[in-house]
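Read through the structure below, which is laid out as structure tokens, and then see the notes.
2 protein chains.
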Amino acid sequence: EKQIVSGIAYSRDEAKITLLKVQDRPGVAAAIFGPLADSAINVDMIVQNVSDDGRTTDLTFTVPKADLDRAVKVLEAKRGDLGFQALKPDSNVVKVSVIGVGMRSHVGVAKQMFQTLAEKSINIQVISTSEIKVSVLIAEEYTELALRALHTAYGLDAN
Amino acid sequence: EKQIVSGIAYSRDEAKITLLKVQDRPGVAAAIFGPLADSAINVDMIVQNVSDDGRTTDLTFTVPKADLDRAVKVLEAKRGDLGFQALKPDSNVVKVSVIGVGMRSHVGVAKQMFQTLAEKSINIQVISTSEIKVSVLIAEEYTELALRALHTAYGLDAN
Ligand SMILES: C[C@@H](O)[C@H](N)C(=O)O
Ligand SMILES: C[C@@H](O)[C@H](N)C(=O)O
């Protein structure tokens, strides 16, 4: 199908938190996001992949940079209950999204986006998709480089 | 803020593929989705979390069930180039999404969704979010149980 990329969006006001090795059993995600919700912490991305070992998995989510310290405190206080192995905060990321109109499948947009970032040697840390977007987290230092390269790749450079 | 959940969506026509321990360096995501795009395989969700060890990470994506065998073949053919440790296909999943209107933050919807699934002892395998949705992959056998519980939890049971 014809894939129309209508724009590139980005947010520099995101910080990520990764909880390493949470228990992969019912109730754990609820025990993480319950306290975050009760503390009125804004969460944008939530990314969890399957468990490798059938027992644990990692969970990453993003918050506004101003909420990072508070979110870390809330989760550290729950560490005993939750039993995660480590908590890694990182405010050094930017979220970059390619927005597609009429994307019945993400595969073409994903291929182009990932190839463009690869050509600039930009490592992709986190990937997430929605109906209209393919989003990645990359190191914040690459923001302008990534945006320029993606605009060119999708022919969005017009003035 | 007032979070309005406008509906629950689901798709039974999704199969997931997890590539375990892909190299976490620029070019790897491109090398995975390039061949998939060239084989015209439809990809819906793509979920990748950060690397635990700084060297490898896992990547999960979903395809229509009818595309699963073909997607597996494409990637197995690239195994030498890509160097992943294992490929795990799984057609036994359903994607369930809570759709929120005016969700400035996903945290309230996520808390409710995850608590509801936990109460039914439904394990959450994969989590991904977008502007208007919080989506999970769970085992397909829980489809009706999850949908009923979520409709009740969000007060969408009206007849
Ligand atoms: C890790 C977490 O998502 C867990 N599987 C749960 O269902 O809550
Ligand atoms: C794992 C994969 O996303 C890799 N980090 C890349 O940039 O391509």
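Line by line, the protein sequences give chains A and B.
If you count the first sequence from 1, position 27 lands on 104 in the numbering used here, and the numbers rise without skipping.
If you count the second sequence from 1, position 97 lands on 174 in the numbering used here, and the numbers rise without skipping.
Ideal placement from N, C-alpha and C gives every residue a C-beta, glycine not left out.
These figures come from a predicted structure and were not determined experimentally.
Taking residue i as the query, report the chain A residues whose CB atoms sit under 8 Å from its CB, ordered along the chain.
i	result
A92(B)	Result: empty, since nearest Cβ-Cβ is about 13 Å, beyond 8 Å.
N119(B)	R181, S182 and V184
Just mark residue i as buried or exposed, buried being the case when its beta carbon has 16 or more other beta carbons within 10 Å.
i	result
A117(A)	exposed
V99(A)	buried
V82(B)	buried
G232(A)	exposed
S207(A)	buried
A154(A)	exposed
D101(A)	buried
Which same chain residues, not among the five before or five after residue i, have their C-beta less than 6 Å away from its C-beta?
i	result
V213(B)	V173, I201 and I204
K165(B)	T95
E78(B)	The predicted model places E78(B) with a pLDDT of 47, which falls under 50 and marks its position as unreliable; any figure quoted below should be read in that light. Excluding sequence neighbours, E78(B) sits near R181.
S168(A)	A92, K142 and L145
A187(B)	V211
Taking only the alpha-carbon atoms, compute the straight-line gap between residue i and residue j and give it to the nearest angstrom.
i	j	result
A163(A)	A106(A)	16 Å
L144(A)	L113(A)	It is Asp, not Leu, that sits at residue 144(A) in the sequence shown. Cα to Cα, the separation comes out at about 10 Å.
E196(B)	F161(A)	21 Å
K150(A)	E217(A)	24 Å
T220(B)	V175(B)	14 Å
I209(A)	S198(B)	31 Å
F191(A)	G131(B)	19 Å
D158(A)	P103(B)	37 Å
V178(A)	G111(A)	34 Å
L152(A)	V120(A)	13 Å
D129(B)	D129(A)	12 Å
So which residues of chain A does residue i contact, with C-beta pairs closer than 9 Å?
i	result
V178(B)	Simply none; closest approach about 15 Å.
K210(B)	S207 and E208
Which bits of chain B does residue i rub up against, with CB to CB less than 7 Å?
i	result
S198(A)	P103
Y195(A)	Position check: residue 195(A) holds Ala in this sequence, whereas Tyr was assumed. Here the neighbours are P103, G104 and A107.
A114(A)	V184, G185 and K188
Q52(A)	The structure shown has nothing for residue 52(A), since chain A only spans 78 to 236.
Can you find the residues in the same chain that come closer than 8 Å, C-beta to C-beta, to residue i, ignoring five residues on each side of it along the sequence?
i	result
R147(B)	S116 and I118
H228(B)	I85 and D234
V171(A)	Y87, S88, R89, E91, L214, I215, A216, E217, Y219, T220 and A223
N126(B)	T134 and D135
A108(B)	K155, D158 and L159
Apart from the five residues on each side of it in sequence, which residues of its chain come closer than 7 Å, Cβ to Cβ, to residue i?
i	result
A230(B)	Q189 and T193
I123(A)	F138
H183(B)	T206 and V211
R225(A)	none
Strictly below 9 Å CB to CB, what residues from chain B border residue i?
i	result
F161(A)	Neighbours of F161(A) on chain B: none; closest Cβ ~12 Å, over 9 Å.
N126(A)	T95, V124, Q125, N126, T134, D135, L136, T137, Q202, V203 and I204
D146(A)	Result: empty, since nearest Cβ-Cβ is about 16 Å, beyond 9 Å.
Got a sec: is the Cβ-Cβ distance from residue i to anything in chain C below 8 Å?
i	result
H183(B)	Judged by its chain identifiers, the structure shown contains no chain C, and its protein chains are A and B.
For residue i, return the contacting residues in chain A, with the cut-off set at a CB-CB distance below 7 Å.
i	result
V173(B)	What V173(B) touches in chain A: nothing, since even the nearest Cβ is about 13 Å away.
D129(B)	L97 and D135
ask   = Is the stretch 118–138 of chain B touching the stretch 86–102 of chain B in the sense that three or more CB pairs, one from each, lie closer than 8 Å?
value = yes
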